[in-house]
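Engineer: Those protein sequences? They're chains A and B, same order as listed.
Each residue of the first sequence is one higher than the last, beginning at 14 in this note's numbering.
Each residue of the second sequence is one higher than the last, beginning at 14 in this note's numbering.
Sharing a structure with you now.
Protein chains: 2
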Amino acid sequence: MFRVTVLGTAAASPTRERGLPAVAVEREGDLLLFDCGEGTQRQMMLANPPLSNPRYIFVTHMHGDHLLGLLGLIQSMALQNREEPLHIYGPRGLGEMIRYNLEALRVYVPFKIIVHRVRRGAILSEREYTVSAERTIHTNDSYAYRLDEKKRPGKFYPEKALALGVPKGPLWKRLQGGRAVKVGGNRVTPAQVMGPKRRGRSFGYSGDTRPTKELKGFFRGVDLLVFDGTYGEEHSDKAKEYLHSTVVEAAKLASEAKVGRLLLTHLSARVSDYEELTRQAKKRFSRAEVARDFLSVVLPLPE
Amino acid sequence: MFRVTVLGTAAASPTRERGLPAVAVEREGDLLLFDCGEGTQRQMMLANPPLSNPRYIFVTHMHGDHLLGLLGLIQSMALQNREEPLHIYGPRGLGEMIRYNLEALRVYVPFKIIVHRVRRGAILSEREYTVSAERTIHTNDSYAYRLDEKKRPGKFYPEKALALGVPKGPLWKRLQGGRAVKVGGNRVTPAQVMGPKRRGRSFGYSGDTRPTKELKGFFRGVDLLVFDGTYGEEHSDKAKEYLHSTVVEAAKLASEAKVGRLLLTHLSARVSDYEELTRQAKKRFSRAEVARDFLSVVLPLPE
């Protein structure tokens, strides 16, 4: 299962309807959080089904609206006696800020917190997926993230295995696991009974940024992209001034990067007509929409 | 108008239904916040009518669940270009913590933030009310707060004024304002035409604490008391261990202090049967109830 839930879609300050930035990715039992604005722990509880215990947290940049929920979340996990180490990825200064506050508030944390300083490129390789980072244009140390599942083995063809004399049972399992088998005097390889490797699923999150050529390359072909859509086209001057994107700029980037689907987030409090924003975005990219809190997308496994 | 709104009633971690500690007092145009847990700025928006721009914030102690909403609230007020200085009262270390984080997150704050270190006794005297503090038994520097309106002038008796020859008009206003007037050759004093000074309204908030003799004295006679009711009677061992109160201990203190009404807050996530807690408390003090988020009480002006 690969499910992306947008937990907060407001920019800078929450509104009655929208919480501060956070995106949850549930993948085969792992929970990964991208940004963790104030109130994220409660948004996680209010999600359906509720979310808890992230394994990894990725912070895009050192602005309060994207990270002030970290401390309360850590404190709550401490109270629940979490034991598993927590890996947090983020820009310069994040580790010190977390350490300072846990010390000032005398939070006893019974699990290990490992804060990794992010730089562009590959930052995490798990058994079944990788996470990489790209610079964004927002602060002098801000990042976008991309998660890619590793390639999965190709489709197994039982009829080919049988034709080569491999009987159903443990030898099939061995072939499916990528290892050759011997039957009689013959060696049978996985390539003889399986199709080409299949691609995994992918997800991208921009944090706050102007659209850039680098980000277009970075997000190329992701199944789902959650991107800064702070403003409507009518405020493109503000987008340039405050280093954000309009929904039209985001849609153009998504279209050119050939992503599967685009969710626009980090919506300015200036915006009230979300349908108009969706119209603006869809004109450039039909699979674009303005996100709302708790919007959840399940990515199907590619054939 | 004097309205108390409980914005968050959970202990330690929020729940789906309950936010983290914060109590708002609106008094004749001033907004005072007591504690400011994570998510308070959004709870303020969700209150009916919405609340904004506190003039004073009082923090009871340096635990994250009581203050982690401060930074986001300050950031939002900065974005709204607040100009009025913000006075924050709290224990040792609070000022440094706020300064450190605003610096680390590069928040430009266009208004002055003055952090006052609290000690027991009078801490604030406004034209029409005072706020005082008392030590609580929770951390080594934790406080409860009490707000008292100053005495108001007594009732004005028009018939007495007329009998003394003071005609209706500006002279009455002068008398009502506490100044003597001269009519013909006679001096008429306010005491001759007005009743005794009338008491103002009062509010108390315990923060986290064991019940103590000092707090019983401190809260004596308040119209409304919001008090630590973390546990039911069945967890009185936990209340002692973690330096909180049971709802029965809180009700006993409220009864002995002859308060007008008691709201129990800071409810442990262990609690699920709130009606049972209310029953337990009401047995000791009939004007007790378990608070829920956004519960709002208007204190009438005493006759």
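Just so you know, even glycine gets a beta-carbon here, dropped at the ideal spot from N, CA and C.
Which whole runs of the alpha helix (DSSP H) in the stretch 220-260 of chain A are 4 residues long or more, in chain order?
Structural biologist: If we require 4 residues or more, the alpha helix (DSSP H) runs fully inside the stretch 220-260 of chain A come out as 226-231, 249-254.
Engineer: List, in chain order, every chain A residue whose beta-carbon is nearer than 8 Å to that of B/G82.
Structural biologist: As a working mapping, residue 82 of chain B is identified with position 69 in the second sequence. Chain A residues near B/G82: E51.
Engineer: Please list the residues of the stretch 106-121 of chain A that have a C-beta atom closer than 8 Å to any C-beta atom in chain B, keeping them in chain order.
Structural biologist: G106, E109, M110, Y113, N114, A117, L118, R119, V120
Engineer: With B/E302 and B/L277 assumed to form a contact (beta carbons below 8 Å), what rounded beta-carbon distance in angstroms separates them?
Structural biologist: As a position in the second sequence, residue 302 of chain B is number 289, starting the count at 1. As a position in the second sequence, residue 277 of chain B is number 264, starting the count at 1. Correct: roughly 7 Å between the Cβ atoms.
Engineer: Work out the CA separation of B/R187 and B/G198 for me, nearest whole Å.
Structural biologist: As a working note, residue 198 of chain B is residue 185 in the second sequence. As a working note, residue 187 of chain B is residue 174 in the second sequence. Computed Cα separation, rounded: 17 Å.
Engineer: Compute the beta-carbon to beta-carbon distance between A/L92 and B/A25, rounded to the nearest angstrom, for a pair I have assumed lies under 8 Å.
Structural biologist: As a first step, residue 92 of chain A must be located in the first sequence, where it is residue number 79. As a first step, residue 25 of chain B must be located in the second sequence, where it is residue number 12. At roughly 6 Å, the Cβ-Cβ gap stays under 8 Å, so A/L92 and B/A25 are in contact.
Engineer: Between A/N153 and B/N114, what straight-line distance do the alpha-carbon atoms span, to the nearest angstrom?
Structural biologist: To locate residue 153 of chain A, count along the first sequence from 1; it is residue 140. To locate residue 114 of chain B, count along the second sequence from 1; it is residue 101. So the two alpha carbons sit approximately 18 Å from each other.
Engineer: Identify the contact partners of A/S65 in chain D, using a Cβ-Cβ distance below 8 Å as the criterion.
Structural biologist: Included in the structure are the protein chains A and B, with no chain D among them.
Engineer: From B/L44 to A/V144, what does the alpha carbon distance come to, in whole angstroms?
Structural biologist: Translated into positions along the second sequence, residue 44 of chain B becomes position 31. Translated into positions along the first sequence, residue 144 of chain A becomes position 131. Taking the straight line joining both Cα atoms gives about 46 Å.
Engineer: If you measure from the beta carbon of B/P104 to each beta carbon in chain A, is any gap under 8 Å?
Structural biologist: By 1-based counting over the second sequence, the position of residue 104 of chain B is 91. False, the Cβ-Cβ gap to chain A never drops below 8 Å.
Engineer: Among the residues of its own chain, which have a CB less than 7 Å from the CB of A/R233, if the five just before and after it don't count?
Structural biologist: As a working mapping, residue 233 of chain A is identified with position 220 in the first sequence. So the list reads A270, K271, once near-sequence residues are dropped.
Engineer: Count Cβ pairs between the stretch 52-65 of chain A and the stretch 114-134 of chain B that sit closer than 8 Å; are there 3 or more?
Structural biologist: no
Engineer: Using CA coordinates, which residue listed in A/A204, A/L84, A/L46, A/E30 is at the minimum distance from B/L59?
Structural biologist: Residue mapping note: residue 59 of chain B aligns to position 46 of the second sequence, counting from 1. Nearest option by C-alpha distance: A/E30.
Engineer: Drop a sphere of 10 angstroms on the beta-carbon of A/I318, count the other beta-carbons inside from all chains shown, and report buried for 16 or more, exposed for fewer.
Structural biologist: The structure shown does not extend to residue 318 of chain A, since chain A is modelled only from 14 through 316, so no value can be given for it.
Engineer: Could you name the residues of chain B that A/T28 contacts, counting a contact when the two beta carbons are closer than 9 Å?
Structural biologist: The residue you call residue 28 of chain A lines up with position 15 of the first sequence. Going along chain B in sequence order, the residues near A/T28 (Cβ under 9 Å) are R55, M58.
Engineer: Where does the unbroken alpha helix (DSSP H) through B/S215 begin, and where does it stop?
Structural biologist: In the second sequence, residue 215 of chain B corresponds to position 202, counting from 1. Note, B/S215: premise wrong, no alpha helix (DSSP H); beta strand (DSSP E) at 215-218.
Engineer: Measuring only the C-alpha atoms, how far is B/E172 from B/A23?
Structural biologist: Here residue 172 of chain B refers to the residue found at position 159 when the second sequence is read from its first residue. Here residue 23 of chain B refers to the residue found at position 10 when the second sequence is read from its first residue. Approximately 54 Å between the Cα atoms of the pair.
Engineer: Applying the 10 Å Cβ sphere with the 16-neighbour rule, what's the burial state of B/V17?
Structural biologist: Within the second sequence, residue 17 of chain B is the residue found at index 4, counting from 1. Buried, by the Cβ-count rule.
Engineer: Which chain B residues are close to A/G77, counting only those with a beta carbon under 7 Å from its beta carbon?
Structural biologist: Indexing the first sequence from 1 puts residue 77 of chain A at position 64. In chain order: L84, G85, Q88, L118, V120.
Engineer: Quick one: what does DSSP say B/N153 is sitting in, helix, strand or coil?
Structural biologist: In the second sequence, the residue the question calls residue 153 of chain B occupies position 140. Coil.
Engineer: Look at the alpha carbon of A/M14 and the alpha carbon of A/R140, and state the distance between them as a whole number of angstroms.
Structural biologist: Counting from one through the first sequence, the residue named residue 14 of chain A turns up at place 1. Counting from one through the first sequence, the residue named residue 140 of chain A turns up at place 127. In this model, A/M14 and A/R140 are separated by some 16 Å (Cα to Cα).
Engineer: Identify which residue in A/K164, A/R223, A/P62, A/F240 has its Cα closest to the Cα of A/K251.
Structural biologist: Counted from its first residue, the first sequence places residue 251 of chain A at position 238. For the residues A/K164, A/R223, A/P62, A/F240, the minimum Cα distance to A/K251 belongs to A/R223.
Engineer: Quick check on B/A25 - is its C-beta less than 8 Å from some C-beta in chain A?
Structural biologist: One-based indexing of the second sequence puts residue 25 of chain B at position 12. Yes, its Cβ sits closer than 8 Å to a Cβ of chain A.
Engineer: Would you say B/F47 and B/Y156 are within 8 Å of each other, going by their C-beta atoms?
Structural biologist: Residue numbering aside, residue 47 of chain B sits at position 34 when the second sequence is read from its first letter. Residue numbering aside, residue 156 of chain B sits at position 143 when the second sequence is read from its first letter. Not in contact: B/F47 and B/Y156 (Cβ atoms no closer than 8 Å).
Engineer: Mind checking who A/A135 pairs with in its DSSP beta bridge?
Structural biologist: Working through the first sequence from its first residue, we reach residue 135 of chain A at position 122. DSSP lists A/S145 as partners of A/A135.
Engineer: Flag this pair as touching only if the stretch 282-290 of chain B and the stretch 208-228 of chain B have three or more C-beta atom pairs under 8 Å; answer yes or no.
Structural biologist: no
Engineer: Grouping DSSP H, G and I as helix and E and B as strand, with all else coil, what is B/D78?
Structural biologist: In the second sequence, the residue the question calls residue 78 of chain B occupies position 65. Reduced to three states, the DSSP call for B/D78 is helix.
Engineer: Are the CB atoms of B/Y170 and B/I136 nearer to each other than 8 Å?
Structural biologist: For the purposes of this step, residue 170 of chain B is taken as residue 157 along the second sequence, with counting starting at 1. For the purposes of this step, residue 136 of chain B is taken as residue 123 along the second sequence, with counting starting at 1. Against a cut-off of 8 Å, the Cβ pair of B/I136 and B/Y170 comes out as no contact.
Engineer: In its own chain, which residues sit with a C-beta less than 8 Å from the C-beta of A/F307, not counting the 5 before and 5 after it?
Structural biologist: The count along the first sequence starts at 1 and reaches residue 307 of chain A at position 294. Taken in chain order, the residues that qualify are T18, V19, L20, Q56, L59, A60, N61.
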